[in-house]
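Numbering (the working numbering), first residue to last: 453 to 618.
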């Protein structure tokens, strides 16, 4: 039995979260067909991640990695066709496409293929203007002549605007 979630109420009552809600909706639709090739996602430290995917039988030329905005797309396509007649085929060599939703400011550092494992290194790089910053507090007597930036310095006029005739 499969349970699905209806995110429609959240779409109606939120603004700017549509990408997040679409991602959640897509995650609940995953099929068993999405289970190949198998992969791991590891968090190496606060800002570094690694995706390891088992791609037995694929060479570097058979794999393509593309980062399109906040989506990492890994595709595998075998070049040429194997002419052998198999009595049993337990190693899948079918084409695949796997998509990973990436958070803002996450970029792909690089990828390597060793012993049938594709490793993709990811790093989160938060721009300086988005990082938390410490704001110094100035003593009252020191602040009197200082030209400090103020938050909400717009003042409300004492005079009320005159009504416009219709």
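Cβ atoms here follow ideal geometry from the backbone N, Cα and C, with glycine treated the same way.
Between residue 535 and residue 547, the C-beta gap is not smaller than 8 Å, which leaves the two residues out of contact. Closest in C-alpha terms to residue 525, from the list 552, 458, 586 and 585, comes 552. In the structure shown, the three-state DSSP call for residue 497 is strand. Residue pairing by DSSP places residue 506 opposite 569 in a beta bridge. Counting the other Cβ atoms within 10 Å of the Cβ of residue 538 gives fewer than 16, which makes it exposed. Burial check for residue 503: the Cβ neighbour count within 10 Å reaches 16 or more, so the residue is buried. Contact holds between the region 559-574 and the region 490-506, because three or more Cβ pairs, one in each stretch, are under 8 Å apart. Taking the C-beta atoms as reference points, residue 555 is found no nearer than 8 Å to residue 541. According to the DSSP assignment, residue 539 belongs to no beta strand (DSSP E), since it is labelled neither H nor E.
Cβ contact annotation for residue 523 (same chain, cutoff 8 Å, sequence separation greater than five): 551, 552, 553 and 554, in chain order.
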